Amino acid sequence: MHRNAARIAVLCVATTLVACGSHGKRDGPGSSRIPELPGDAVPRPEPRSKHGNGPVYEVRGKRYTVMQSSAGYRERGVASWYGSKFHDRLTSNRETYDMYAMTAAHKTLPLPTYVRVRNLRNNKTVVVRVNDRGPFVSNRIIDLSYVAALKLDMIRDGTSLVEVTAINFAPPRNDRPARQVTPPEAPGTASPLPVANRIYVQVGAFGNRANAERRLNLISRTGIHGAFIRKDASTYPTLYRVRIGPVADAIQYDVIVEELENIGIMDPYLITE
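When we follow my numbering, the leftmost residue of the sequence shown carries the number -9, and every step to the right adds one.
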């Protein structure tokens, strides 16, 4: 490892690849030949790692609490990726990072955890094994390996709007192997052709249209463009959903989130149509 690795590890309270570096669309293999794309990670019950699981750790002055369980975890937000700069270095659970393996970094999921990541733009999905901490960048929820990002078609942009869902296991019965609750697609299973989605930021759902109008007026006064009310008669009672969009990419989403936070709206949610 680099001479300063120990110092960096202390600073990050783990040998955290993502937290202490920058990565993006120029961190690929360069002119090197890309190996054959691997299949998705195959979920299996694993013991909790002795390293990288907190329960509390601190990076750049911010404290993070590791989840006791990944059960029920689902989140939408921005994914990034990391590659050659960290290839062959240690991950937070003391494994060796391989940019050609189906792995990822997450700030609070237990290590290891298997998650399904769906690119909200094109519906492409991958299953990866979380074995690292990060990304410690504002408004990012997961950092994917280079090859996982490649399979999601997000290398060029460097980031993408995604949905991350934990894959959990049922408790074992009669000493039999644990059964997977949300299984990944079987190898060789044909996936539907990618469909381009329209992505919106939802900032409220109200049973009273007047309340939706007030939220819309608040947003409009800040100069955020593209806000509108969608009447949803499929629910009972009818809901009036305040949305912004469509959102072109993660950069635009970052701007919208920051502007919303400035007016006290802290819980935007990504939806697709």
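For every residue, glycine included, the Cβ atom is placed at its ideal position computed from N, Cα and C.
None of the values given here were measured: they were computed from a predicted structure.
Inter-residue distance for Val191 and Arg211 is about 17 Å (C-alpha atoms, whole angstroms). Contact between the stretch 218 to 230 and the stretch 245 to 256 is absent: fewer than 3 CB-CB pairs across the two stretches fall below 8 Å. Under the three-pair Cβ rule at 8 Å, the stretch 27 to 43 counts as touching the stretch 98 to 108. The Cβ atoms of Val127 and Ser82 do not sit closer than 8 Å to each other.
Under the rule that a run must span 3 or more residues, the beta strand (DSSP E) segments found entirely inside the stretch 110 to 163 read 115 to 122, 132 to 135, 150 to 156. A distance below 8 Å separates the beta carbons of Val137 and Met92.
For Tyr54, the enclosing beta strand (DSSP E) begins and ends at 52 to 55. Boundaries for Ala200: no beta strand (DSSP E) harbours it, while the alpha helix (DSSP H) harbouring it runs 199 to 211, taken from the DSSP string. In the three-state scheme derived from DSSP, where H, G and I count as helix and E and B as strand, Ser60 is classed as coil.
Judged by DSSP secondary structure, Glu48 falls within the beta strand (DSSP E) whose first and last residues are 46 to 49. For Ile261, no alpha helix (DSSP H) encloses it; the enclosing beta strand (DSSP E) starts and ends at 259 to 262. Asp222 sits in a strand when the DSSP states are folded into three classes.
Note on geometry: alpha-carbon atoms of Leu80 and Tyr87 lie some 6 Å from one another. Put simply, the stretch 141 to 154 touches the stretch 109 to 121. At least three CB pairs are less than 8 Å apart. Nearest neighbour of Asp133 by Cα position, chosen from Lys52, Lys221, Gly67, turns out to be Gly67. Ranked by Cα distance from Gly197, the options Arg220, His215, Ile214, Ala186 are led by Arg220.
Closest in alpha carbon position to Ala217, among Leu206, Lys52, Thr225, is Leu206.
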